[in-house]
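Just so you know, the sequence shown maps onto residues 1 to 407 in the UniProt record's numbering. We put the CB at the ideal spot given by N, CA and C, even for glycine.
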Amino acid sequence: MLKRRVFVIGCGMTKFEKPGRRENFDYPDMAKEAVTKALKDAKIDYKEIKQAIVGFCYGESTSGQRALYQMGMTGIPIYNVNNNCSTGSTALYMAKQLVEGGHNDCVLALGFEKMERGSLGVKWTDRTFPLDKHQAINSELYGDSKGPRAPILFGNAGEEHMRKYGSKPEHFAKIAYKNHKHSVNNPYSQFRDEYTMEQIMSSPVIHRVLTKLQCCPTSDGSACCIVANEDFVRPHKLEPQAVEILAMEMCTDLESTFSEKSSIKLVGYDMAKKAAEKVFAQTNYKPQDVDVVELHDCFSANELITYEALGLCPEGKAHELIDRNDNTYGGKYVINPSGGLISKGHPLGATGLAQCSELCWQLRGEADKRQVKNCKLALQHNLGLGGAVVIGLYKLGFPESKMQSKL
């Protein structure tokens, strides 16, 4: 099958908010804001959208239709998807496949979430819990732990890294320090406060190495990206802003997730590694060529171990990358210039599309005070436990048009 080049031509998102903080911010309102911004960015009308993929984790089954009907009753197919925390990038991945396979020339991916305050709980107690295998392995390794499930799993992964490779609590705190510092310059971030290392390390302990300021919050918000093929881009004269998705892969849990009795494996290390390897194998690039990364830092421990899974450094050397400041401005990579999930917030269905939006703005040179200098290649990592990970690699599709537009 002939694969067509796929470009992100429009991005839009709301500010991420503490659940319930913003009045009149139900999911149709936030979706309308994000979609309207994306359409304006792409300079197109909603009538030009051929299909839409809508992601959310909490809500009734056809909330995607309700969210988009206000944009126009055009009769297009609208699909509702839920893939835990990787829902937003799953919507984008499916939109890309529709365009890449020649089914449509322009498809919209939307994600939103209206969340409850506090740690995520179980909604359905009369059926098998999707993370029951994860919980069983975790209990076998560490015994039964009381408290929220996610920080327990990721906190144990962080402790395993310290045991095996010599990282220290300070390395995890440095990640949170960096991301909070980055978020100061992001008007879309839920939190825009800068903290000292002492404040981060002395904030309340959630589980093992993880303190409160190293954990992402629950959030309300929405993000939208519009993808199109070259036959759509050129007549609409969108070359200067079109960001090409060079490669994008989704991977789910492997046998090693459970068989190797490792907390690091349990939270998605191997599926992230496999997806990243597949992405780079499709291109002429390697991880060291990347300039900017939006990485799923639901907890600081996950950011640290994912440096290694993505190939940004050798296995067991993530803490050395941190000590060299190779994860922030002035270093080898700028990781989570948006502030990441820890500071920007984490409305589950919107996160992957917010990551894509940030990377597109970086590649287009439109990230304002958080702009990464000479940004040419961008990497995305979006993870959902239980489990799926989406990895994407981006660059400007027509860099010569971008240069001409500046003249």
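Item                                                                                                                                                                          : Value
Spell out the partners DSSP gives Tyr79 in its beta bridges.                                                                                                                  : Ile53
Suppose the cutoff is 6 Å on Cβ atoms and the five residues either side in sequence are ignored; what does the same chain contact list for Ala318 look like?                  : Leu304, Tyr307, Glu308
List the endpoints of the continuous alpha helix (DSSP H) containing Asn186.                                                                                                  : Per DSSP, Asn186 belongs to no alpha helix (DSSP H) and is neither H nor E.
Any idea what DSSP makes of Gln70, helix, strand or coil?                                                                                                                     : coil
Using a Cβ-Cβ cut-off of 6 Å (strictly less than) and excluding sequence neighbours within five positions of Ala173, which residues of its own chain qualify?                 : Met197, Ile200, Met201
Given a cut-off of 8 Å, decide if Val389 and Ala223 are closer than it, judged by their beta-carbon atoms.                                                                    : no
Specify the secondary structure class of Gly166 as computed by DSSP and reduced to three states.                                                                              : coil
In or out: His134 buried (at least 16 other Cβ within 10 Å) or exposed?                                                                                                       : buried
Any heavy atom of the ligand NAP within a distance shorter than 7 Å of the CB on Ile152?                                                                                      : Among the components of this structure there are no ligands whatsoever, and the ligand NAP is therefore not found.
Only counting the same chain, and skipping five residues up and downstream in sequence, which positions put a Cβ closer than 8 Å to that of Thr74?                            : Tyr46, Lys47, Ile49
Buried or exposed for Tyr177, going by 16 or more other Cβ atoms inside 10 Å?                                                                                                 : buried
Going residue by residue through the region 333 to 369, where are the continuous alpha helix (DSSP H) segments of at least 4 residues, counting only ones entirely within it? : 340 to 344, 351 to 363
DSSP puts Ile391 in a beta bridge; with which residues?                                                                                                                       : Glu249, His381
Under DSSP, the alpha helix (DSSP H) around Ser89 begins and ends at which residues?                                                                                          : 87 to 100
Going by C-alpha distance, which of Glu60, Ile78, Ile137 is nearest Lys114?                                                                                                   : Glu60
Residue range of the beta strand (DSSP E) that Met30 falls in?                                                                                                                : Counting along the chain, Met30 falls outside any beta strand (DSSP E), though it belongs to the alpha helix (DSSP H) covering 27 to 42.
Buried or exposed: Asn325, going by 16 or more other Cβ atoms within 10 Å of its Cβ?                                                                                          : exposed
How about Gln214 and Ser300: are their beta carbons less than 8 Å apart?                                                                                                      : yes
Restricting to runs no shorter than 3 residues, where is the beta strand (DSSP E) found entirely within the region 199 to 283?                                                : 205 to 207, 221 to 229, 243 to 252
According to the Cβ coordinates, are Leu363 and Val243 closer than 8 Å?                                                                                                       : yes
Please report how far the alpha carbon of Lys212 lies from the alpha carbon of Asp297, in whole angstroms.                                                                    : 13 Å
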